[in-house]
Amino acid sequence: MDKDKLAGLYQQWNQGPVEQALKKTPERANCAHTPAGIPNERIYTPLNLDEAGFDYAKDLGFPGQFPYTRGRDPLGYRSNYWLFMQYAGCGDAEEANKRYRYLLSQGQAGISVAFDLPTQVGLDSDDPMADGEVGKIGVAVSSLQDLETVFEGIPLNKLRQISLVANAMSSIILAMFLALAEKQGVPVDECTLRIQNDVLKEFISRGAYIFPPEPSIRLTTDVVTYCAQNHPAWLPITLCGYHIREAGANAVQEVAYCLANGLAYMDEVARRGAPMERVLPQLSAFCAVNMNFFEEIAKFRALRRLWARLVRERYGVGPEVNLGLSLVNFTAGSSLTAQQPMNNIVRVAVECLAGVLGGCQSLFPCSMDEAFATPTEAAVKVALRTQQIIANETGIGDTADPMGGSYYLESLTSEIEKRALKMIEEIEALGGSVKAIDQGYFRRNIDEASYQWQKEVDTGARSIVGVNAYQEADEAPMEIFRPPAETQERQIARLRKLREERDNDRVQKALEQVKAVAATEENLIPALTEAARAYATMGEICGVLRSVFGEHNEGDI
């Protein structure tokens, strides 16, 4: 239709039916903008896309082709569904092994290992600082021995994917995994490994860091460059927006901060001479799926498109290189409520739909009881069944990118991309992510976004069922998971026995080699792998690295 004719029809509609309807019923105040503050027009037409300069080939294109707005894979889900995953890990290695075996028996295609807090920050289970936290929010892994037990009876090369959610200590966990594959007698390249390995977001949102930012980036890029050279099919880093979003950021900030960190890593990888045409196709992004359905779908599309555009220009790779980020989507734990927790099943289902329609490669639904604790086995089963129902009963994967071409969605995608790019340019002007961390840029902006969200909830401007709307006075308590009291004692006893029985001379030599290599620019993964083979513990290895790199303290920011 002619643009002027359409504009005239739009004006007639606004001055006629719309004005008459508004005289009877005013519009809701809370539909004026998205949670990220992007204005919502009353209706979207081709005029909106024209105004934004939208070009089908340049901005949308086809699935599996630059700029990957419509997804990384040409066939979408017509060949294979996304990976059905559950983030899991609890107690000691034996307890975690039971949970993983259960999930695999229920149709899960891979394993995603959650580590407890002591492991995440490089402490052994018998460290005084670990007391009370052993096995609480993930599995306790103090040495290769624990990882052997975690995967006992689970051949590494029979899983569609193994995801190791390791960050500050990701290089050590990778080393343990390499040693584990040797122990199982499995050729490592028969395994499909994804490792999170994004430490910068720890300084921005979570706080599970060990070393200062610069040596932390060195360890991260050691993992990336080692995998690029030796295991090019693995996914050696997952750029994390999820934790940033859960800390209070909005959808635009999630995209911008996640990708700014990605540029910081890739700049260092490029500086070290790694082949970028080999590294870039193996990157993934770990994103939150929150409750604003269309903003979330648009966010995933904008993230893929913006990243592809940024890195093609920045690193000069050719058109044959797949720059579509592999999306690991995780429903938002912060959207779950302790009030009326059964309602969380519905929230998770809505978020799963948005995650799939955004084109994810793997999907992790939260469980209904995660507002309280690590989920029970029954709750995990419901979460797994949720995405199995979505995949098998809705037809959602029968055509690639069914949301493509929506005037609203494409307008929202372009606006998120534009706003995120502006934020990335601000970060680059500060000197990049590390400098922005030092200057408190991320924390200030996340705190402001978090405050605005909570203010809307507290004033009732944003309704959350069970929290500030449709409340119930008396609610029955929910059965929640609690790790057995003896878990910590059993883990500590096993660790102390290991120290007595291993070859401690070999351990000492391996630790000395780790220290020597850490003081150079040489890749640390081979030295760390030898330390893992010798059954050096997480705490021992991190202790040696602390002596070289130092330790980061919150007051340093």
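Numbering that gives the first Met the number 0 numbers the first residue of the sequence shown as 0 and each following residue consecutively. We treat Cβ as the ideally placed atom computed from N, Cα and C, and that holds for glycine.
Host beta strand (DSSP E) of residue i (start-end)
i      : result
ALA284 : 283–288
GLY109 : 109–112
VAL327 : 325–330
SER361 : 361–363
GLN160 : 160–163
LEU192 : 192–194
Spatially closest choice to residue i from the options, by CA coordinates
i      : options                           : result
GLU245 : ARG205, LEU238, ARG217 and ILE236 : ARG205
THR486 : CYS89, ASP3, TYR76 and LEU146     : CYS89
ARG442 : PHE210, ILE203 and ARG270         : ILE203
TYR534 : GLN360, VAL506 and GLN19          : VAL506
GLU201 : LEU238, ASP221, VAL185 and ALA35  : LEU238
ARG489 : ARG277, CYS30, TYR55 and ASP125   : ASP125
ALA92  : THR68, PHE65 and GLY152           : GLY152
ALA372 : SER333, GLU392 and GLU350         : SER333
ASP261 : ASN291, LEU352, TYR314 and LYS454 : Per the sequence shown, the amino acid found at residue 261 is Gly instead of Asp. Here the closest residue by C-alpha is TYR314.
LEU8   : LEU46, GLU132 and ALA28           : LEU46
LEU352 : ALA297, LYS434, ALA428 and GLU369 : ALA297
VAL513 : ILE171, GLN339 and ASP130         : ILE171
LEU102 : GLU550, SER449, ALA515 and PHE363 : PHE363
LYS135 : ALA108, GLU94 and GLY549          : GLU94
LEU420 : ARG304, MET84, ARG270 and ALA227  : ARG304
THR519 : ARG217, ALA255 and ILE194         : ARG217
TRP306 : TYR67, ASN13 and LEU21            : TYR67
ILE389 : ALA287, SER405 and ALA348         : ALA348
GLY240 : GLU376, ASP115 and ALA259         : ALA259
ASN522 : CYS226, ASN29 and ALA6            : CYS226
PRO340 : GLU471, ILE524, PHE548 and SER141 : GLU471
GLU553 : ASN79, GLN11, ILE209 and GLN64    : ILE209
ALA370 : ASN343, ALA509, SER361 and GLU474 : ASN343
THR375 : PRO482, ARG277 and GLN119         : PRO482
PHE329 : LEU192, VAL316 and VAL164         : VAL164
Per DSSP, the bridge partner or partners of residue i
i      : result
TYR407 : In DSSP, TYR407 forms no bridge with anything.
PRO38  : HIS32
TYR86  : SER111
THR237 : SER283
ALA468 : VAL464
VAL138 : PHE114
Burial state of residue i, where buried means 16 or more other Cβ atoms lie within 10 Å
i      : result
GLY538 : buried
VAL112 : buried
LEU59  : buried
ASP555 : Below a pLDDT of 50, predicted positions are generally treated as unreliable, and ASP555, at 45, falls in that range; no measurement from the model is reported.
VAL355 : buried
PRO235 : buried
GLU424 : exposed
ASN289 : buried
SER432 : buried
VAL222 : buried
THR393 : exposed
ARG77  : exposed
VAL268 : buried
LYS4   : exposed
ARG69  : buried
LEU74  : exposed
ASN346 : Correcting the residue identity first, residue 346 is Arg in this sequence and not Asn. It counts as buried.
GLU213 : exposed
ASN96  : buried
PRO154 : exposed
SER325 : buried
THR528 : buried
Unbroken alpha helix (DSSP H) run spanning residue i, endpoints
i      : result
ARG505 : 503–517
CYS257 : 250–270
SER462 : No alpha helix (DSSP H) holds SER462; DSSP gives it neither H nor E.
THR528 : 524–532
TRP12  : 2–12
LEU497 : 486–500
ARG570 : With the chain represented from 0 up to 556, any question about residue 570 goes unanswered, as that position is not in the structure.
THR224 : 212–229
VAL543 : 537–548
TRP306 : 292–314
VAL349 : 343–356
Cβ-heavy atom distance, residue i to the ligand NAP, below 7 Å
i      : result
GLN451 : No copy of the ligand NAP occurs in the structure displayed, which carries no ligand at all.
Are three or more beta carbon pairs between the region 492–505 and the region 464–484 nearer than 8 Å? With a cut-off of 8 Å, the region 464–484 and the region 492–505 do not count as touching, because too few Cβ pairs lie within range.
Report yes or no: do the region 382–400 and the region 274–291 share at least 3 C-beta pairs separated by less than 8 Å? The region 382–400 vs the region 274–291: no contact.
Assess contact between the region 172–184 and the region 141–158, defined as three or more Cβ pairs (one per stretch) separated by less than 8 Å. Is contact present? Flag = yes, the region 172–184 and the region 141–158 touch.
At least 3 beta-carbon pairs within less than 8 Å: the region 377–391 vs the region 184–199: Judged by pairs of C-beta atoms under 8 Å, the region 377–391 does not touch the region 184–199, as fewer than three such pairs exist.
Contact between the region 249–267 and the region 410–426: three or more CB pairs below 8 Å? Yes: at least three Cβ pairs fall under 8 Å.
Are the region 26–33 and the region 321–333 touching, with three or more C-beta to C-beta distances below 8 Å? Judged by Cβ distances under 8 Å, the region 26–33 makes no contact with the region 321–333, as fewer than three pairs qualify.
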